[in-house]
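What follows is a set of notes on a single structure, which appears directly below.
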Amino acid sequence: MELNVVMLGPPGAGKGTQSARLARLWHIPHISTGAMLRDAVQSGSRLGLEVKAIMERGGLIDDEVITRVVQARLDRPDAANGFLLDGYPRTVPQGLALDAYCAGRSPLTVVEIVLSEEDVLRRLAARMICSECGKNSQDDQDYTNCVDCGGSLVPRADDAVDVVRKRLEVYHLQTAPLVEFYGARPTYCRVNGAQLADAVTEEILAAVKRIHGTPAR
Ligand code: AMP
Numbered sequence: 257m258e259l260n261v262v263m264l265g266p267p268g269a270g271k272g273t274q275s276a277r278l279a280r281l282w283h284i285p286h287i288s289t290g291a292m293l294r295d296a297v298q299s300g301s302r303l304g305l306e307v308k309a310i311m312e313r314g315g316l317i318d319d320e321v322i323t324r325v326v327q328a329r330l331d332r333p334d335a336a337n338g339f340l341l342d343g344y345p346r347t348v349p350q351g352l353a354l355d356a357y358c359a360g361r362s363p364l365t366v367v368e369i370v371l372s373e374e375d376v377l378r379r380l381a382a383r384m385i386c387s388e389c390g391k392n393s394q395d396d397q398d399y400t401n402c403v404d405c406g407g408s409l410v411p412r413a414d415d416a417v418d419v420v421r422k423r424l425e426v427y428h429l430q431t432a433p434l435v436e437f438y439g440a441r442p443t444y445c446r447v448n449g450a451q452l453a454d455a456v457t458e459e460i461l462a463a464v465k466r467i468h469g470t471p472a473r
């Protein structure tokens with residue numbers, strides 16, 4: 257079955273960590289718009305130059321720009337049998353664009369990871385990413401270097417306290433309305449993000465199994 261997944265939740269809820277695991281389990285591409293944009297900034301491409309300042313201050317990239325980027329990615333053959341979107345949609349117009357793009361495909365499975373604002377702030381203050389490959393270090397590990405490539409771990413630039421405040425405000429205003437947008441669909445589920453990563457994964461797998469009958473392929 258084609259599994260088309262959208263991960264929702266505030267910054268720091270664990271979307272990236274869970275998405276990487278689930279995409280591996282389900283053999284579908286993990287499409288992280290944040291990672292794609294950070295790559296673009298690092299490579300100095302036209303897109304990167306366009307989005308750098310917006311990302312640094314915690315704002316959102318224009319709906320049409322990011323939608324073009326995502327659709328170009330979803331057009332690639334590896335997404336034909338399913339995909340996992342992490343960080344898109346982030347606004348209701350993006351949600352509408354995704355529905356239109358996916359017309360005729362299997363319905364979206366939407367997983368909301370719930371985390372309180374207090375926990376978000378605590379998590380982001382401690383989050384480290386690899387300066388080389390951009391991967392998040394795991395919450396439950398205490399390495400100074402990336403377990404994948406050995407690069408040194410650094411705080412993420414947009415995890416600075418004032419930028420986090422802005423990103424949370426943007427989340428409440430622009431992204432949280434997607435909970436209502438998707439909430440009534442039979443393929444929507446919510447899980448408790450305030451647990452160890454393994455427990456969150458288990459909860460997601462159980463919820464998706466309830467929705468589709470088959471948890472993984
Ligand atoms: P993330 O890694 O998902 O927290 O994304 C980092 C930053 O990339 C966000 O704060 C936004 O500036 C930008 N971004 C990522 N995804 C989107 C999106 N779907 N729409 C607009 N901006 C986005």
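Residue numbers for the sequence shown follow our numbering, beginning at 257 and rising by one. Every residue gets a Cβ at the ideal spot worked out from N, C-alpha and C, and that includes glycine. Keep in mind the model is a prediction, meaning the values are calculated, not measured.
Extent of the continuous beta strand (DSSP E) to which glutamate 368 belongs: Here the beta strand (DSSP E) through glutamate 368 covers 364-370.
Helix, strand or coil for valine 403, going by three-state DSSP, please let me know. coil
Cα-Cα separation, glycine 406 to alanine 279: 23 Å
Please determine whether the Cβ atom of leucine 316 lies at a distance below 7 Å from any heavy atom of the ligand AMP. Indeed, a heavy atom of the ligand AMP lies less than 7 Å from the Cβ.
When the Cα atoms are used, what is the spatial distance from leucine 377 to glycine 360? 39 Å
What is the rounded straight-line gap between the Cα of alanine 356 and the Cα of threonine 431? 18 Å
Sort Arg379, Gln327, Arg294 by Cα distance to alanine 453 and report the nearest one. Arg379
Quick check on arginine 473: does DSSP put it in helix, strand or coil? Bear in mind that a pLDDT of 49 at arginine 473, under 50, signals an unreliable position, so the number given afterwards is only what the model happens to contain. Reduced to three states, the DSSP call for arginine 473 is coil.
Whose C-alpha, out of Ser387, Arg294, Pro345, is nearest the C-alpha of valine 435? A check of alpha carbon separations from valine 435 across Ser387, Arg294, Pro345 identifies Pro345 as the nearest.
Within 7 Å: the Cβ of glutamine 298 and any heavy atom of the ligand AMP? no
Is glycine 314 helix, strand or coil when you go by DSSP? coil
When you measure from the CB of tyrosine 427 to every non-hydrogen atom of the ligand AMP, does any distance come out below 7 Å? For tyrosine 427, the Cβ stays outside the 7 Å cut-off from all heavy atoms of the ligand AMP.
Which term fits arginine 423, buried or exposed, when burial requires 16 or more other beta carbons within 10 angstroms of its beta carbon? Arginine 423 is buried by the Cβ-count criterion.
Should glycine 390 be listed as close to the ligand AMP, given that the test is whether its C-beta is under 7 Å from any heavy atom? no
Any chance the CB of threonine 289 is under 7 Å from a heavy atom of the ligand AMP? Yes, Cβ of threonine 289 sits closer than 7 Å to a heavy atom of the ligand AMP.
Whose C-beta lies closer than 7 Å to the C-beta of valine 348 among residues of the same chain, with five residues either side of it excluded? Closer than 7 Å at the Cβ level, and outside the excluded window around valine 348, lie Pro433, Leu434, Phe437.
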